[in-house]
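First the structure, in the form of structure tokens, and then the observations on it.
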Amino acid sequence: MIELSEDNLETLIEQNKNVIVQYAAGWCGNCRIMKPKFKKLAAEYPDILFVIADAEKYPESRKLATVDNLPTFASFEDGAFKSQTQTNKFDVLKELVENAVS
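For the sequence shown, this note's numbering assigns the number 7 to the initial residue and increments by one for each residue that follows.
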């Protein structure tokens, strides 16, 4: 799992077959609640790159999905956007991840 330290999400998506992104912000309580759950899924799916992107610090990365509420989770496959969801429910996030590998 990677937490972005620069606005380079597009490069990571191009370099990896499957990528799941959590768009978050420091002030977002639900983002903080979902972060350990996101990390748990990252450990369960080693073939997927899991990335946490601060939606406020990294505007170019944010543009790769429709982020109008936080937390937003987006999946990318073969360099292209696949799907997204805005949720604070683990089951909904897990479904997004499972669909990314199917």
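The C-beta atom is built at its ideal place from N, Cα and C for all residues, glycine as well.
Suppose contacts are defined by Cβ-Cβ distances below 9 angstroms. Is VAL57 in contact with VAL27 by that definition? Sequence index remark: in the sequence shown, residue 57 carries index 51 (1-based). Sequence index remark: in the sequence shown, residue 27 carries index 21 (1-based). Yes.
So, with DSSP's three-state summary, where would you put VAL73? To locate residue 73, count along the sequence shown from 1; it is residue 67. DSSP places VAL73 in coil when its eight states are reduced to three.
Please classify THR93: does DSSP put it in a helix, a strand, or coil? Residue 93 sits at position 87 when you count from the first residue of the sequence shown. THR93: coil per DSSP, three-state reduction.
If you drop the 5 nearest sequence neighbours on each side, which residues of the same chain put their C-beta closer than 6 angstroms to that of THR91? For the purposes of this step, residue 91 is identified with residue 85 of the sequence shown, where counting begins at 1. Closer than 6 angstroms at the Cβ level, and outside the excluded window around THR91, lie PHE79, VAL98 and LEU102.
To which residues of the same chain is PRO77 closer than 8 angstroms at the C-beta, ignoring the five residues directly before and after it? The residue labelled residue 77 in the question sits at position 71 within the sequence shown. Taken in chain order, the residues that qualify are GLN28, TYR29, ALA30, CYS34, ASN36, CYS37, MET40, GLN92, THR93 and ASN94.
Per DSSP, which residues does THR78 bridge with? Please list them. Here residue 78 is taken as the residue at index 72 of the sequence shown, counted from 1. In DSSP, THR78 forms a bridge with TYR29 and GLN92.
Rounded to a whole number of angstroms, what is the C-alpha to C-alpha distance between ASN14 and ASP74? For the purposes of this step, residue 14 is taken as the residue at position 8 of the sequence shown. For the purposes of this step, residue 74 is taken as the residue at position 68 of the sequence shown. Looking at the two C-alpha atoms, the distance is approximately 20 angstroms.
Please list, in chain order, all residues of the same chain as ASN24 whose beta carbon is under 8 angstroms from its beta carbon, the five residues on each side excluded. Translated into positions along the sequence shown, residue 24 becomes position 18. Around ASN24: ASP53, ILE54, LEU55, SER81, PHE82, GLU83, ALA106 and VAL107.
Mapping DSSP to helix, strand and coil, what is LEU10? As a first step, residue 10 is located in the sequence shown; it is residue number 4 there, counting from the start. Here LEU10 sits in coil by DSSP.
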